[in-house]
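Sequences listed follow chains A and B, in order. Under the numbering used here, the first sequence has 9 at position 8, and the numbering climbs by one with no breaks. Under the numbering used here, the second sequence has 1308 at position 182, and the numbering climbs by one with no breaks. Cβ coordinates follow ideal geometry from the N, Cα and C atoms, glycine included. Reviewing the structure listed below.
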Amino acid sequence: MKRNNILVGILLLALYLIVELGIRTGIIEPFQQVNLFLMGINIILAVSLNLIVGFTGQLALGHAGFMAVGAYVSAVLTLKLGQPYLLAIFAGAFAALIMGIIIGLPTLRLKGDYLAIATLGFGEIIRGIIVNIDYIGGAAGINGIPKYTNWTWLYLFTLFTIFAVKNFVNSTHGRACIAIRDNEIAAETMGINTTYYKVLAFSLGAFFAGIAGALYAHYFFLIQPVTFSMQKSFDALVMVVFGGLGSITGSILAAIAVTFLNAALINLGALRMVIYAMLLVIIMVFRPQGLLGTKEFTFRTLLRLKERGTANAKD
Amino acid sequence: MLKIENLDVYYGAIHALKGISLELNEGEIVTLIGANGAGKTTTLQTISGLIRPKNGSITFQGQELTQRPAQEIVKMGISQVPEGRRVFANLTVLENLEMGAYLRKDKEGIKATLEKVYARFPRLRERKKQLAGTLSGGEQQMLAMGRALMSQPTLLLLDEPSMGLAPILVQEIFSIIQEINKAGTTILLVEQNAHMALSIAHRAYILETGRIVASGDAKELAESEQVKKAYLGG
């Protein structure tokens, strides 16, 4: 167990150094870099949405709205108020968290498709409000945001999100969330305060979406309300479902795969969306539970696969 | 220990419980029997705090329950085994049992209760690492009961434990219910299987479309012509 942790640490550090070196030496080209950063941001979005949809079972579709809150709050802080980046990121994340509580308290009484529609609406309301505030550029958005997000920031916050969500899910609180997803009435009869946990998971998810927004704003230096449309929420949901509801590693793999797919198909123009949609249909037909289902991808599974492989070889 | 007086419950415009009153004494098994839609589950859910009544009172050991949230009612010592088992399918057997002790903080005490539950349901120990969703119906019912016992209730509410189980399993479950009762837990048993329920209960109430139409000693009710005709098939 301990040895595995050290191994994971070394691998993570190695991954960081290799990419950092690649960027510095120019081996990783600018186009690849953009996609690398999108990958990180998508991982944060997918993993945090999985906490809400996959682990707590609340079908929420307003994730882009929280991302927008994080992006705008952090951009205003760095660009207009000259605050340090780290502070701006956390301010953006906390603003999204508070928005999550405000939206979550009334909507999480709803279930299933009603909740989906209500959160979808709230996501659009956030966008609508942003469009109508001149201070933050209205529909034109904010331009010239300092480009603070580098590989180090992105990598650290992606890891932070993954480990925070993983630890939450494996805690008693996480167990309570899974219990609510599996059976809300039974969870309530166990004495679990279901409203509390639903709002907790929802606002925590919003917190990380806020981080993703802040990272996004300070990489692409332009944010517009249209960036955070419904489409963005759906993209995140696609990654969660594709990776497997309730699998963190599934979300990570799916975020990487979807970003990669989008980049690889970019030269095909209009055909790209057709192929992308087709692939999603095919995947859902053949793996309706998503890539990993509710399972996690661990070193132990790798070892088991290897053992099975050698066992087969002997036969 | 539990006293329900003139309880009225509505689902929107539908009057589901029409002023029912019933009482449970410490150490009893009391059964509430009746057909589909009579209001049996509604009664249990109202006691547990999952449904709010319009009028009436429920007192448990002298304290009013109707305004309290569900988690407080669990804390006071009332535990419900919901209808249709409702185990947490994606958690293991052990994790399900641990969820049952969710409101308890005493780690040692929880361990001791877990051992007791395993002793009562040896099959749960054998399958503790297995996902609850992969258990058979009977095992899930045992898990649901074990899970409810993890909070060390003084009053156990059982909602149709015989539902969907083979007759031999029903026998087993009912004898376990009697054992739990003998170990000191008061039981309110809701059942459609009137014959089985009356055979183990001390007293019974018969519910018909939201009203209690008969009550009394379980053995006597089982013998009465009215009950035989309506619930015991002749």
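What does the alpha-carbon distance come out to for the pair Arg176(A) and Asp135(A)? 44 Å
Mind reading off the beta-carbon distance from Ala47(A) to Ala210(A)? Whole number of angstroms is fine, and I expect it under 8 Å. No, Ala47(A) and Ala210(A) are not in contact; Cβ-Cβ is about 10 Å, not under 8 Å.
Name, please, each residue of chain A whose Cβ falls closer than 9 Å to the Cβ of Val1316(B). Going along chain A, no residue has its Cβ under 9 Å from Val1316(B), so there is no contact; the nearest lies around 14 Å.
Roughly how many angstroms separate the alpha carbons of Gly1264(B) and Ile102(A), rounded to a whole number? 41 Å
For Phe1186(B), which beta-bridge partners are listed by DSSP? Leu1128(B), Gln1189(B)
Taking DSSP as the reference, what is the three-state secondary structure of Leu1133(B)? strand
Say whether chain B places a C-beta atom closer than 9 Å to the C-beta of Tyr183(A). Sequence inspection shows Asp at residue 183(A); the Tyr mentioned does not correspond to that position. True, the Cβ-Cβ gap to chain B drops below 9 Å.
Can you confirm whether Gly247(A), when its beta carbon is compared against all beta carbons of chain B, has any partner nearer than 9 Å? yes
Closest by CA to Ser1262(B), which one among Glu1234(B), Leu1295(B), Arg1230(B), Leu1275(B)? Leu1295(B)
Is the shortest distance between the beta-carbon of Met1225(B) and the beta-carbons of chain A less than 9 Å? yes
In angstroms with no decimal places, state the Cα-to-Cα distance between His174(A) and Thr26(A). 44 Å
Can you give me the Cβ contacts of Ala15(A) inside the same chain, cut-off strictly under 8 Å, excluding the 5 residues immediately before and after it? none
Among Leu1314(B), Asn1319(B), Glu1224(B), which one has its Cα closest to the Cα of Leu1148(B)? Leu1314(B)
Residue burial classification, Asp114(A) (beta-carbon count within 10 angstroms, cutoff 16): exposed
DSSP three-state call for Ser1262(B): helix, strand or coil? coil
Note down, in chain order, all residues in the stretch 180–211 of chain A with a beta-carbon under 8 Å from any beta-carbon belonging to chain B. Ala180, Arg182, Asp183, Asn184, Ile186, Ala187, Ala188, Glu189, Thr190, Met191, Gly192, Ile193, Asn194
Could you give the residue range of the beta strand (DSSP E) that holds Glu1334(B)? 1329–1334
What do you get for His219(A), buried or exposed, if any count of 16 or more other CB atoms within 10 angstroms of its CB means buried? buried
CB-CB length for Gly1363(B) against Ile1332(B), believed under 8 Å: Chain B is shown only over 1127 to 1360; residue 1363(B) falls outside these bounds and no answer can be derived.
With 9 Å set as the bound, which would you pick, yes or no: does the beta-carbon of Lys315(A) sit closer than that to a beta-carbon of chain B? Interpretation of Lys315(A) is limited by its pLDDT of 46, a score under 50 that renders its predicted location unreliable; no figure is taken from the coordinates.
Return the residue from the list His1328(B), Ile1177(B), Ile1204(B) that minimises the CA-CA distance to Gln1189(B). Ile1204(B)
Flag Gly1360(B) as yes if its beta-carbon sits less than 9 Å from any beta-carbon of chain A, otherwise no. Confidence at Gly1360(B) is low in this model, with a pLDDT of 49, below 50, so its placement is unreliable and the value that follows should be read with caution. Answer no: the Cβ-Cβ gap between Gly1360(B) and chain A never drops below 9 Å.
What are the partner residues of Ser1205(B), as DSSP defines its beta bridges? Leu1282(B)
Does the Cβ-Cβ distance between Ala140(A) and Gln225(A) come in under 9 Å? yes
Is it true that the stretch 230–238 of chain A meets the stretch 137–157 of chain A, where meeting means three or more beta-carbon pairs spaced less than 8 Å apart? no
Counting pairs of beta carbons, one from the stretch 233–251 of chain A and one from the stretch 94–101 of chain A, are three or more of them closer than 8 Å? no
Backbone CA spacing between Leu1250(B) and Gly63(A) [nearest angstrom]: 41 Å
Count the other C-beta atoms from every protein chain shown that fall within 10 angstroms of the C-beta of Phe161(A), then say buried if there are 16 or more, exposed otherwise. exposed
For the alpha helix (DSSP H) holding Thr57(A), just list the boundary residues, first then last. Unbroken run through Thr57(A): none, as it is neither H nor E.
With a threshold of 9 Å between beta carbons, is Arg176(A) in contact with chain B? yes
Close-in-space but distant-in-sequence residues of the same chain around Asp1134(B) (CB under 8 Å, 5 per side omitted): His1141, Leu1143, Lys1144, Gly1145, Pro1179, Lys1180, Asn1181, Gly1182
Would Gly1165(B) and Leu1191(B) be called neighbours here (beta carbons separated by less than 9 Å)? no
Does the structure place the stretch 74–86 of chain A close enough to the stretch 196–210 of chain A that three or more beta carbon pairs sit under 8 Å? no
Taking one C-beta from the stretch 157–171 of chain A and one from the stretch 1210–1221 of chain B each time, how about it: are there three or more such pairs within less than 8 Å? no
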